[in-house]
Amino acid sequence: MPAEPAAKADELWNRLAAVMGQPVPDEKELRRIERGASRLMRSDAASADGLLGFAAALRGHADAVRDHFRIVLQQDASADAWLNYAVSLALVELHGEALEIATTAFDHYPDDLRLLERAITSALEFADFTTGRDLVDRWSTLLPAQPHPLAQVSRQLAAAIEAGAFGEAGVRAVLQIVSESQREERVRACKTAITADEFRWSFLYQRFVYAPPSVAAALNERIAHRITARSDLMADPGLRFVPAFTGIADGRHA
Numbered sequence: 001m002p003a004e005p006a007a008k009a010d011e012l013w014n015r016l017a018a019v020m021g022q023p024v025p026d027e028k029e030l031r032r033i034e035r036g037a038s039r040l041m042r043s044d045a046a047s048a049d050g051l052l053g054f055a056a057a058l059r060g061h062a063d064a065v066r067d068h069f070r071i072v073l074q075q076d077a078s079a080d081a082w083l084n085y086a087v088s089l090a091l092v093e094l095h096g097e098a099l100e101i102a103t104t105a106f107d108h109y110p111d112d113l114r115l116l117e118r119a120i121t122s123a124l125e126f127a128d129f130t131t132g133r134d135l136v137d138r139w140s141t142l143l144p145a146q147p148h149p150l151a152q153v154s155r156q157l158a159a160a161i162e163a164g165a166f167g168e169a170g171v172r173a174v175l176q177i178v179s180e181s182q183r184e185e186r187v188r189a190c191k192t193a194i195t196a197d198e199f200r201w202s203f204l205y206q207r208f209v210y211a212p213p214s215v216a217a218a219l220n221e222r223i224a225h226r227i228t229a230r231s232d233l234m235a236d237p238g239l240r241f242v243p244a245f246t247g248i249a250d251g252r253h254a
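Be aware that the sequence shown starts at 1, since it is given in this note's numbering, and climbs by one per residue.
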């Protein structure tokens, strides 16, 4: 790639990273990045489509994410390209697809721990807890002196599944309600956390969002209403896997 297009691509990626770090993406800057990516298309189509795919993810346009990254992978099947695709899918709450992409990529690049990290996170977000445990076991094999931060809870969740405390399908349906409610409110997730009371086989799933406490409270009422309205989810997982939103303001607990 000529030096000038490469430098322009790097500049656009850096600017996009800054936008992704914002609680509410700067729409004007996002449009400028998209225009820059379109101009880059002739000289570096892979970077251009990658940038446009990420921009689509920030807007919540799942089909556009898939379209752009399928084109990217036809031209650039690097570990970075696969990782960008998986991260973009996660941004639009398609955690099952993100898991599939990350695990496929890790098979191609078995030394790239970024891909394994993405796969572990996506496995838990997709409620594929047995796969999550297998993945953290692979991490432990590669880095025995550095346990993965999600190793313990991944194993606890898989153990709960095997003990019959609840099923993955029920948790997956609960998390789908969480994601749908978040999309309706158009707020971005900052991070998630799962804490366990293993003696009771119960888990609290917390999703931290860039939103005031009042919005987080309204979201909690919404998901509680939708979950309790379904007798199947009240039976499995019931109160053994409970989701909750927590508001974050400017990267700090609200």
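Ideal Cβ positions, reconstructed from N, Cα and C, are used throughout, including at glycine.
Classification of residue i by the beta-carbon crowding that lies within 10 angstroms, buried from 16 upward
i           : result
residue 141 : exposed
residue 39  : exposed
residue 143 : exposed
residue 18  : exposed
residue 68  : buried
residue 231 : exposed
residue 235 : exposed
residue 2   : Unreliable positioning characterises residue 2 in this predicted model, as indicated by a pLDDT of 46, which lies under 50. The coordinate reading is nonetheless provided below. So residue 2 counts as exposed.
residue 74  : exposed
residue 247 : buried
residue 152 : exposed
residue 175 : buried
residue 105 : buried
Among the options, nearest to residue i - alpha-carbon criterion
i           : options               : result
residue 193 : 221, 244, 155 and 145 : 244
residue 11  : 36, 23, 24 and 27     : 36
residue 160 : 127, 50, 84 and 29    : 127
residue 120 : 113, 110, 132 and 111 : 132
residue 163 : 221, 96, 199 and 146  : 199
residue 6   : 24, 220, 179 and 42   : 42
residue 205 : 73, 179, 64 and 59    : 179
residue 114 : 55, 80 and 221        : 80
residue 226 : 210, 211 and 177      : 177
residue 25  : 154, 189 and 105      : 189
residue 57  : 44, 217, 139 and 98   : 98
residue 186 : 210, 165 and 151      : 210
residue 96  : 150, 217 and 173      : 173
Residues sharing a beta bridge with residue i, DSSP
i           : result
residue 197 : 202
residue 189 : 209
residue 69  : The partner list for residue 69 (beta bridge, DSSP) is empty, contrary to what the question assumes.
residue 147 : Answer by DSSP bridge pairing: none, since residue 147 is not bridged.
residue 242 : 204
Contact check, residue i vs residue j, beta carbons under 8 Å
i           : j           : result
residue 62  : residue 86  : no
residue 241 : residue 208 : no
residue 122 : residue 90  : yes
residue 54  : residue 88  : yes
residue 92  : residue 65  : yes
residue 170 : residue 233 : yes
### Message
So within the segment 12-39, which uninterrupted beta strand (DSSP E) runs reach at least 3 residues, ignoring any that extend past its ends?
### Response
none
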